[in-house]
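Colleague: Once you've had a glance at the structure underneath, I'll fire off some questions.
Protein chains in written order, with our numbering: chain Z, 1 to 143; chain F, 144 to 280.
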């Protein structure tokens, strides 16, 4: 059960910051690879970077967890992301994720949020950064 | 095999990637982030959707798979992607990622390759559209 308060669009402040961290485990890499049906050995066994590295989109997907560090959310729909990959994410590393709410707006009755995020490993190596746009809930805002 | 920038031509399409979305894969916790709109039919209907939808990042992952095949380590070190999810993808849809080279320009370290990229479902209807670029070293 999520003990965080519900996310309320009108109460969100631009500039609000979020942080998260997780260990990038081999199990996570395999589960993601099976989930997207991309069993590239780079993500599971070995890669040109040395040991296995994460599928780059696995790191991006974890940025969606940031809002959950503070709010109970459900039904968010992702509409856009602009992502830059900078370095491979090595399996076994702790990944730290930082996000900032940079915009919010209403469009055609739906509530949009824009967040800028970056992932950095435990050695301070930047993995990727992105700017993502979501609709808080797909159902339109009541008139 | 290393990518050779000189062999890439504006207008050239890169090798597509294809997958079929299944509810089993869409429902995995790592995919859904515990968001019921991706696995709960009743929740999706209440939100105004006919069925659960795949996360947008699942189509981005297919695009990234295509770009990793095309550009190998350069994609992971220097790729960027800007995509919009313009229509939902439902369980059972066959999704094809495609890309076409739109530009080449020299940089200090290599050649920047720009592409239009998109995912389409079985009838050829686009569901995800955007651009990508990568520096080939």
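Beta carbons are placed, not taken as given, at the ideal position from N, Cα and C, and that holds for glycine. Here the structure is a predicted model, which is why all the values come from computation and not from measurement.
Answer with buried or exposed for residue 217 of chain F, where buried requires no fewer than 16 other C-beta atoms within 10 angstroms of its C-beta.
Modeller: buried
Colleague: Can you tell me whether residue 14 of chain Z is buried or exposed, with buried defined as 16 or more other CB within 10 angstroms of its CB?
Modeller: Result: exposed.
Colleague: Use the C-beta contact count for residue 235 of chain F: other C-beta atoms within 10 angstroms, 16 or more gives buried, fewer gives exposed.
Modeller: exposed
Colleague: Which stretch, first to last residue, makes up the alpha helix (DSSP H) that contains residue 212 of chain F?
Modeller: 199–214
Colleague: Closer than 7 angstroms between beta carbons: that is the criterion. Which residues of the segment 69–98 of chain Z meet it against chain F?
Modeller: For the segment 69–98 of chain Z, which is checked against every Cβ of chain F, the residues closer than 7 angstroms are 74, 75, 76, 77, 78, 79, 80, 81, 82, 83, 84, 85, 87, 88.
Colleague: Taking only three categories from DSSP, how would you classify residue 289 of chain F?
Modeller: Because residue 289 of chain F is not part of the residues shown, which for chain F are 144 to 280, the question remains open.
Colleague: Just by C-beta distance, which residues in the segment 19–48 of chain Z are closer than 9 angstroms to chain F?
Modeller: Only those residues of the segment 19–48 of chain Z whose C-beta falls short of 9 angstroms from the nearest C-beta of chain F are listed: 28, 31, 32, 34, 35, 36, 37, 38, 40, 42, 47, 48.
Colleague: Please report the straight-line C-alpha distance between residue 242 of chain F and residue 73 of chain Z, rounded to a whole angstrom.
Modeller: 34 angstroms
Colleague: Compute the Euclidean distance between the alpha carbons of residue 62 of chain Z and residue 99 of chain Z, then round it to the nearest angstrom.
Modeller: 11 angstroms
Colleague: Please work out which residues of its chain come closer than 6 angstroms, Cβ to Cβ, to residue 270 of chain F, disregarding the five sequence neighbours upstream and downstream, and give them in chain order.
Modeller: 230, 232, 262, 264
Colleague: Does the count of Cβ pairs from the segment 19–28 of chain Z and the segment 89–96 of chain Z closer than 8 angstroms reach three?
Modeller: Contact between the segment 19–28 of chain Z and the segment 89–96 of chain Z is present, because at least three Cβ pairs lie under 8 angstroms.
Colleague: Would you call the segment 244–260 of chain F and the segment 108–122 of chain Z in contact, with 3 or more CB pairs under 8 angstroms?
Modeller: no
Colleague: Starting from residue 113 of chain Z, trace the beta strand (DSSP E) in both directions and tell me its first and last residue.
Modeller: 110–121
Colleague: Compare the C-beta of residue 221 of chain F against all C-beta atoms of chain Z and say whether one is closer than 8 angstroms.
Modeller: yes
Colleague: Which residues bound the beta strand (DSSP E) around residue 249 of chain F?
Modeller: 237–249
Colleague: So with CB distances below 7 angstroms, who are the chain F contacts of residue 5 of chain Z?
Modeller: Chain F residues near residue 5 of chain Z: none, gap ~17 angstroms exceeds 7 angstroms.
Colleague: Residue 141 of chain Z: buried (16+ other C-beta within 10 angstroms of its C-beta) or exposed?
Modeller: exposed
Colleague: Would you say residue 57 of chain Z lies against chain F (beta-carbon separation less than 8 angstroms)?
Modeller: yes
Colleague: Please look up how many angstroms separate the CB atoms of residue 60 of chain Z and residue 135 of chain Z, rounded, as I've assumed it's under 8 angstroms.
Modeller: The Cβ separation is near 18 angstroms, so there is no contact.
Colleague: Whole angstroms is fine: what's the gap from residue 145 of chain Z's alpha carbon to residue 71 of chain Z's?
Modeller: For residue 145 of chain Z there is no data in the structure shown, the boundaries of chain Z being 1 and 143.
Colleague: Compare the C-beta of residue 203 of chain F against all C-beta atoms of chain Z and say whether one is closer than 8 angstroms.
Modeller: yes
Colleague: What is the rounded straight-line gap between the Cα of residue 205 of chain F and the Cα of residue 177 of chain F?
Modeller: 21 angstroms
Colleague: How should residue 81 of chain Z be labelled, buried or exposed, when 16 other C-beta atoms within 10 angstroms of its C-beta is the threshold for buried?
Modeller: buried
Colleague: State the Cα-Cα distance for the pair residue 1 of chain Z and residue 68 of chain Z, rounded to the nearest angstrom.
Modeller: Annotation note: pLDDT 47 at residue 1 of chain Z (below 50); position unreliable, no value reported.
Colleague: Nearest to residue 65 of chain Z by alpha carbon, out of F/175, F/189, F/274, F/171?
Modeller: Considering only alpha carbons, the answer is F/175.
Colleague: Alpha carbon to alpha carbon, how far is residue 250 of chain F from residue 152 of chain F? Give it in angstroms, no decimals.
Modeller: 17 angstroms
Colleague: In the DSSP assignment, what residue or residues form a beta bridge with residue 275 of chain F?
Modeller: F/224, F/258
Colleague: Mapping DSSP to helix, strand and coil, what is residue 1 of chain Z?
Modeller: Bear in mind that a pLDDT of 47 at residue 1 of chain Z, under 50, signals an unreliable position, so the number given afterwards is only what the model happens to contain. Coil, per DSSP.
Colleague: Determine the DSSP secondary structure at residue 51 of chain Z, reduced to helix, strand or coil.
Modeller: coil
Colleague: Does residue 108 of chain Z come within less than 8 angstroms of chain F when only Cβ atoms are used?
Modeller: no
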